[in-house]
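Residue numbers (the numbering used here): 3 to 276.
C-beta atoms are modelled at their ideal positions from N, C-alpha and C, and glycine is treated no differently.
So the structure is just underneath, and the comments pick up after that.
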């Protein structure tokens, strides 16, 4: 079945094939399709998604409106359909209930999916899966044409030495952990020690960490200290800016984020600290 996918905005994961469109009405010359799927990732794009659905009705095939913004559990993962080739999702959901995250509410538990090929792992919480599933994912990664990236994130609190052994054997280009709340820091320090014991080095910048900033009540000095602490734990920090329910962000926090988001700038800061 040929499906045209219409996305409300482009992200680093958006497909780029001839049947992928971004926030636009149907073109004059659309290749034959069987369905149109309007994909809404963020809740603040719901009105735009509804507008696009009406615009695409003129194509004369079924138009379906869906996506993570509707807070319904995700279905089977089909490589290349809603994300660009190379991205793989082998599980959905997370057992944690972080106040800022919609995943547990949307997915309603952790589900392991069939392991499809890909080298950029987008799972919500891969390490929360069973040992058998995790080993199957790493076995899949061995046959990929590119070194893996763990974009979805790895939870420091549940990292174990055997995970580190698998990661070392996989030779990842980048693996991301998270420092979202104060209780994340001690596990992050322990994870850094385990990973260094497994052979990873700070200078390679493979060990990276998303650091949440800009939530109500956050302060610039406190956020900068979290960045510094992340570096001292052995990780390259990447500032992740909090958005409110309408998707809005504070301009001052956006400026702060830019200073802690680009690898070249952050790498220079790490160098300055010796």
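Check whether residue i and residue j have beta carbons under 9 Å apart
i: residue 38; j: residue 70; result: no
i: residue 215; j: residue 262; result: yes
i: residue 46; j: residue 247; result: yes
i: residue 90; j: residue 134; result: no
i: residue 177; j: residue 132; result: no
i: residue 11; j: residue 43; result: yes
i: residue 191; j: residue 235; result: yes
i: residue 78; j: residue 21; result: no
i: residue 67; j: residue 94; result: no
i: residue 213; j: residue 180; result: yes
i: residue 189; j: residue 161; result: yes
Residues sharing a beta bridge with residue i, DSSP
i: residue 50; result: The partner list for residue 50 (beta bridge, DSSP) is empty, contrary to what the question assumes.
i: residue 65; result: 38
i: residue 177; result: 152, 209
Supposed close pair residue i, residue j - CB separation, criterion 8 Å
i: residue 86; j: residue 153; result: The Cβ separation is near 12 Å, so there is no contact.
i: residue 151; j: residue 122; result: 5 Å
i: residue 170; j: residue 200; result: 5 Å
i: residue 103; j: residue 130; result: So it is not a contact: roughly 13 Å between Cβ atoms.
Under the three-state DSSP convention, the category residue i falls into
i: residue 106; result: helix
i: residue 8; result: strand
i: residue 17; result: coil
i: residue 151; result: strand
i: residue 3; result: coil
i: residue 258; result: helix
i: residue 31; result: coil
i: residue 60; result: helix
i: residue 139; result: helix
i: residue 24; result: strand
i: residue 43; result: coil
i: residue 182; result: coil
i: residue 144; result: coil
i: residue 168; result: helix
field: Ranges of the beta strand (DSSP E) found wholly within the stretch 196–256, counting only runs of at least 3
entry: Here the runs fully enclosed are 209–215, 238–243.
query: At which residue ranges does the stretch 71–131 contain complete alpha helix (DSSP H) runs of 4 or more residues, listed in the order of the chain?
result: Segments of the alpha helix (DSSP H) lying fully in the stretch 71–131: 105–109.
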